[in-house]
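K.L.:
Encoded as structure tokens, here's the structure I'll be asking about.
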């Protein structure tokens, strides 16, 4: 018999390392038992409801090396993973060069959550499928069933693309922005550091149904590097959620364009909340290359964006919504 | 049972079977490796006394028709693909395994059905029959078998049982996922679903053990001519004479 | 009329405590030796408890004891659809099965997980229409409906009848209830525009910010219970019965309440307070029971979901000729309500139709507890009827404001199936005031203007609720210090009505507010009975009692003065906290002196004799304890005549983005018509707070249940989509008609509930307007529904369902 009474924090060890080496060592030593704690916005619910039961938390927010926004000599910027979303949204450098990310960070959840929530946390947060969040032993929780993808499942917020047994979506607002900006994720562990492109950082259920990212046990996302390739490009960001505050996207879109004389030379477009990973619209990008950034170009490719969509019972609306957002992004 | 079966809570919080404990995979793997190494050592120790190995030279007889060889290898490949794609995520490999897995599973299913039909109506079914008297064969070096010796028959039937178990449970599990042919349902109660996963897992473990054993013996020097015959179809008359009783199996001469 | 207090802003005494956080809610109290209780609730939508094995939990360190339904109901559980303290027959996921007490919450929670409960799973149903199918499951043990004084019963339709209703047709089954007036057929015959269609309302939860946590302990044979409620004495009166403790031995402490919205007005909605009370009694320790957000969702109540068919006919001039309404109500796993009837009543009152027929059937489902929520029925029908009026207006060439004016309720009119006259009604004035404040006519040029993918919609809507009761008691006291103590049992819900109504007593005695003390917050301060604080009644009901008690004190003051100082009581008046002769103001007593004289005299002056005969038992206990302690004014309020309505009118302008389905409310004006306004700031709060609720009803709030397993999917604020700050207009302009009602001594009526209905009506009308008159026939209308409509998507058209809103 499962207890349905929740909302009480269990006993748990709390580690508060102040330097990188200690944190990485702890992550290595504790493995899956060591829950990485950023702003805690995707932590306490899990733990208080006892749907995730790690024995320890490793708080990362005291490590200065993983905080803040710095400019590199090549013009790229590096954002520490435990930098708060508020800081990113308000940072002059981010605002001036990568307004797309500033905007995406400024619309995550609510002001209170952005004040404590970190970029790393927003990127590696778990999916919001309510069945999974309820603590049910579904595929994503290591079980053998998906409750959302069934003839009657409540899946209004679920995936159009890339479902494989699990139909959950990526809830992050900053992830599509970073994919569009061609960012790189810096992943550290006690055995070293590796860099992964933002696009490859996220993983779908076909490849790994238990995780949302390619982070291995003992690894920590420590920074995000944004190349200057798309600095000061033309940006488009929009999030459509049920509510204007404190909601996850029904669909969001992040797009960057390089144009000359109104003609699109290059672009990168990514949509969130339609797949388990931010969905890059490469076919659309190819199709609009050399085209005017106009209403007619937008209309001509909108359906292409959803060509592979497989709507579930209640999320048909995401198809026209995604098409509309693609149109809005392209026509600017 | 705790180490063999994994349990989970069903949607209403009651404990149901989730599937096999994949820790067993390592247990099975280690057990097989140890057994086979032990076998190899024993065989190596005995090897000196057994130097008069039959030669593959000379006249050849047909052991496996090309169609049978094709069936064998197609089944072998699909089983190996199934095992690899099934085990990869357990080992933590991030590959998109599911589609390959169920497509291979369907191929295997069709192959097995076709093989059963062929074997029943067009092949020498009796040659694979395991009779009570066959059980004396391993203990009596004077008794030579027909086309298949005791261990081969044993392996075949063990694989048959296990593969049928994986197929039946696999097809039932396939009904629970989306395919181009149908949309998934949650029509199977969670306890039954768990049982399917358990049986599929257990038979997978058995299959892993059998496949490892089969491959090991296929590669053993004294048996490798059987493997050759599964590739090229023939064995030499010398090999035939040394290992089989012509009274029980008289194959036609190879071209 | 020039008032000293009425219609003037003031700071209610609990405001500083709320602003600073010093005020105490139930969870803020502690008691020496206190232990913590946690609930084990049903994980299954419909089940029977076969066995409870708590041995492992009870053996844990720090675990004190458990309480089960067998402890609470040794003679068996009451057979009804009411919530129980604990149950062995859960009919919804989350219904409390047992409680466990431990030295701290963590231990309790850990121990709860070690308890093994064996359930027998029973068939469950989430949609009343599914239950009405011939082979449909029944939500209760013994049927899918509960007949008063008869018990459980099964109500079934034929499969064709259900299918036909789902397809949008008038139900042909026999309703459980039919109420009608007027000649329906003839009235439809006179109609030149008739609308007919089906509709659904999601029955979403109350979501009180403060959950149903409570602390209970027993001392000297008395039960002390700290909890939250909308009402104080009315609630305590009922709760004593539920717990089974004599009224005189029960002390209910409730200084502040974090929201109620209808589901904490009456004790029957909060029997879970019996858990700490009974557990404390069993283990002989003070017990704090903290209820979680999810538990609050489940047992904290939800609005009834309605699935209906409506037919409305309008004469050529726009007069509503007839309305025919057939509603299947969702009674949930526990509780129920009369929302459907109230919906019909509301249409009758607001639009004064010549003929109205209501037919209704209420069916249980294995979903959250149902009960009255802010404007139960009136507010569900508001967003349904309003767009119909607009489409009719456009069809008939009448302006949308005009069609509402010509159908308006006015003083002298009657309303509802009972044809009850209004005590007063000023709807045309409210409509005109709203139209003027909003510049309704001036804005018409903006109607349906487009700007890229955005289109402007204008909406106007009306709200109604019966807003006043009578028959309660009032007590005021005065000691030798001359301060007026107003004993008020209304309850502190956050509306400040406990303070506003007390001002009527201060007004009568011309007492400076600084010299008044409101005695409230705990029942051992001896408070009179009040009506439960629901139905927007408090202002009307309790200004009558406070006014009456003060009048009694005033009469007694004059009597004492006349006896002592000569003359006739009629020769006396009051001013500046003195009772004095009219002719010579120097002859008189200060209030302190007259209070002292009253105490010297005793008898009727101190509540020791000549009490009103009709005093409620609860009041009698209070009076008996107060008797002789001070100068008492005591009053039993006789019944009033007629229906005191609370009316509101809202106008709004929205911008709807056809590509994203999002709406932006650009402007909103809400006008109240509630008689004399007691407390302008409070009135403003009611109108603005109601507006947020109305926005939630029309566009956001939802009630989700997984159809496969009966699990609730919207247990928290996030999944329920309670509107946020940025979903509401930056400013909601408010105003009021402020004309007195003759049935109230200060002219006041209530406003709480209609303030939500008119906003919902206006907002839904504006959405319909922006979409060229498309009627969704649903609340809420969410972004996905708008996107689907604009895109012409039909795949997602889910049949009528109340718990899983149409996406």
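Residue numbers (this note's numbering), protein chains in the order written: chain A, 124 to 455; chain B, 117 to 371; chain C, 1208 to 2014. A virtual CB, placed ideally from N, CA and C, is assigned to each residue, including glycine.
So which of 1463/C, 1481/C, 1435/C, 1420/C has the shortest CA-CA distance to residue 1449/C?
P.N.:
Nearest C-alpha to residue 1449/C: 1481/C.
K.L.:
What does the alpha-carbon distance come out to for the pair residue 429/A and residue 380/A?
P.N.:
Their Cα atoms are separated by approximately 20 Å.
K.L.:
Which one of 149/A, 251/A, 413/A has the shortest CA to CA distance from residue 334/A?
P.N.:
Out of 149/A, 251/A, 413/A, 251/A has the C-alpha closest to the C-alpha of residue 334/A.
K.L.:
Show which residues of chain C have a CB atom less than 8 Å away from the CB atom of residue 265/A.
P.N.:
In chain order: nothing, as chain C lies at least about 19 Å away.
K.L.:
According to DSSP, simplified to helix, strand and coil, what is residue 450/A?
P.N.:
Here residue 450/A sits in helix by DSSP.
K.L.:
Is the beta carbon of residue 345/A sitting closer than 9 Å to the one on residue 309/A?
P.N.:
Their beta carbons are under 9 Å apart, which means residue 345/A touches residue 309/A by this criterion.
K.L.:
Spatial neighbours of residue 264/B within its chain, please: CB distance less than 8 Å, with the 5 preceding and 5 following residues excluded, ordered by chain position.
P.N.:
Excluding sequence neighbours, residue 264/B sits near 243, 244, 272.
K.L.:
State whether the stretch 300-315 of chain A contacts the stretch 336-356 of chain A, with contact taken as three or more CB pairs (one from each stretch) at a distance under 8 Å.
P.N.:
Verdict: yes, contact present.
K.L.:
Does DSSP put residue 348/A in a helix, a strand or coil?
P.N.:
It is a strand residue.
K.L.:
Could you check if residue 1937/C is buried or exposed, using at least 16 other CB atoms within 10 Å of its CB as the buried criterion?
P.N.:
It is exposed - the Cβ of residue 1937/C has fewer than 16 other Cβ atoms within 10 Å.
K.L.:
Using a Cβ-Cβ distance cut-off of 9 Å, determine whether residue 1997/C contacts chain A.
P.N.:
Closer than 9 Å: yes.
K.L.:
Determine the direct distance from the alpha carbon of residue 1904/C to that of residue 303/A, and round the result to whole angstroms.
P.N.:
The alpha-carbon atoms of residue 303/A and residue 1904/C are separated by roughly 37 Å.
K.L.:
If we count Cβ pairs, one from each stretch, closer than 8 Å, do we get three or more for the stretch 1881-1891 of chain C versus the stretch 1939-1948 of chain C?
P.N.:
These segments touch.
K.L.:
Considering only C-alpha positions, which residue in the set 1643/C, 1714/C, 1741/C is nearest to residue 1676/C?
P.N.:
The residue with the shortest Cα to Cα distance from residue 1676/C is 1741/C.
K.L.:
List the residues of chain C that residue 302/B touches, going by C-beta distances under 7 Å, in chain order.
P.N.:
1915, listed in chain order.
K.L.:
By the three-class DSSP mapping on this structure, what secondary structure does residue 295/B have?
P.N.:
Coil, per DSSP.
K.L.:
Can you name, in chain order, every residue of its own chain whose Cβ lies under 6 Å from the Cβ of residue 1492/C, other than the five neighbours on each side?
P.N.:
Correct list, in chain order: 1240, 1242.
K.L.:
Let me confirm a value: residue 1226/C is counted as buried when at least 16 other C-beta atoms fall within 10 Å, else exposed. Which label applies?
P.N.:
Exposed, because fewer than 16 other Cβ atoms sit within 10 Å of the Cβ of residue 1226/C.
K.L.:
Just checking, does the stretch 1980-1988 of chain C make contact with the stretch 1683-1697 of chain C on the three C-beta pairs under 8 Å criterion?
P.N.:
Because the criterion of three Cβ pairs below 8 Å is not met, the stretch 1980-1988 of chain C and the stretch 1683-1697 of chain C do not touch.
K.L.:
Give me the subset of the stretch 1880-1908 of chain C whose CB atoms are less than 7 Å from a CB atom of chain A, sorted by chain position.
P.N.:
The stretch 1880-1908 of chain C vs chain A, Cβ under 7 Å: 1907.
K.L.:
Closest to residue 306/B by CA distance: which of 119/B, 120/B, 124/B is it?
P.N.:
Comparing Cα-Cα distances from residue 306/B to each of 119/B, 120/B, 124/B, the minimum goes to 124/B.
K.L.:
For residue 1900/C, is the classification buried or exposed, using 16 other Cβ atoms within 10 angstroms of its Cβ as the cut-off for buried?
P.N.:
By the neighbour-count rule (16 or more Cβ atoms within 10 Å), residue 1900/C is buried.
K.L.:
Please determine, among 1813/C, 1361/C, 1404/C, the residue with the shortest C-alpha to C-alpha distance to residue 1833/C.
P.N.:
Looking at the Cα atoms, 1813/C is the closest of the given residues.
K.L.:
Which same chain residues, not among the five before or five after residue 1618/C, have their C-beta less than 8 Å away from its C-beta?
P.N.:
1629, 1631, 1632, 1633, listed in sequence order.
K.L.:
Closer than 9 Å, CB to CB, is residue 294/A near chain C or not?
P.N.:
With 9 Å as the cut-off, residue 294/A does not count as an interface residue toward chain C.
K.L.:
Below 9 Å on C-beta distance, what does residue 1974/C contact in chain A?
P.N.:
Going along chain A, no residue has its Cβ under 9 Å from residue 1974/C, so there is no contact; the nearest lies around 15 Å.
K.L.:
Expressed to the nearest angstrom, what Euclidean distance is found between the alpha-carbon atoms of residue 124/A and residue 400/A?
P.N.:
Bear in mind that a pLDDT of 44 at residue 124/A, under 50, signals an unreliable position, so the number given afterwards is only what the model happens to contain. Going by the C-alpha atoms only, they are around 35 Å apart.
K.L.:
By DSSP's criteria, residue 1729/C is part of a beta bridge. Which residues make up the other side?
P.N.:
Answer is 1460/C.
K.L.:
Determine the DSSP secondary structure at residue 117/B, reduced to helix, strand or coil.
P.N.:
Residue placement at residue 117/B is flagged as unreliable, the pLDDT there being 44, under the threshold of 50; a coordinate-derived value is accordingly withheld.
K.L.:
What's the C-alpha gap between residue 1673/C and residue 1965/C?
P.N.:
Straight-line Cα distance between these residues: approximately 14 Å.
K.L.:
For chain B, check one thing: does any of its Cβ atoms lie closer than 9 Å to the Cβ of residue 337/A?
P.N.:
So yes, residue 337/A belongs to the interface.
K.L.:
Can you grab the Cα-Cα spacing for the pair residue 1405/C / residue 1847/C, in whole Å?
P.N.:
If I take the Cα positions, the gap works out to 38 Å.
K.L.:
For residue 1877/C, which residues does DSSP report across the bridge?
P.N.:
1857/C, 1941/C, per the DSSP bridge assignment.
K.L.:
Which residues of chain A have a Cβ atom closer than 8 Å to the Cβ of residue 1500/C, listed in chain order?
P.N.:
Simply 130.
K.L.:
How would you list, in chain order, the residues of chain C whose beta-carbon sits under 8 Å from the beta-carbon of residue 359/A?
P.N.:
Residues of chain C passing the Cβ test: none, with the nearest at roughly 13 Å.
K.L.:
Whose C-beta lies closer than 6 Å to the C-beta of residue 126/A among residues of the same chain, with five residues either side of it excluded?
P.N.:
Any answer about residue 126/A is weak, because its pLDDT of 44 lies below 50 and its placement is not dependable; what the coordinates show is given next. So the list is empty, once near-sequence residues are dropped.
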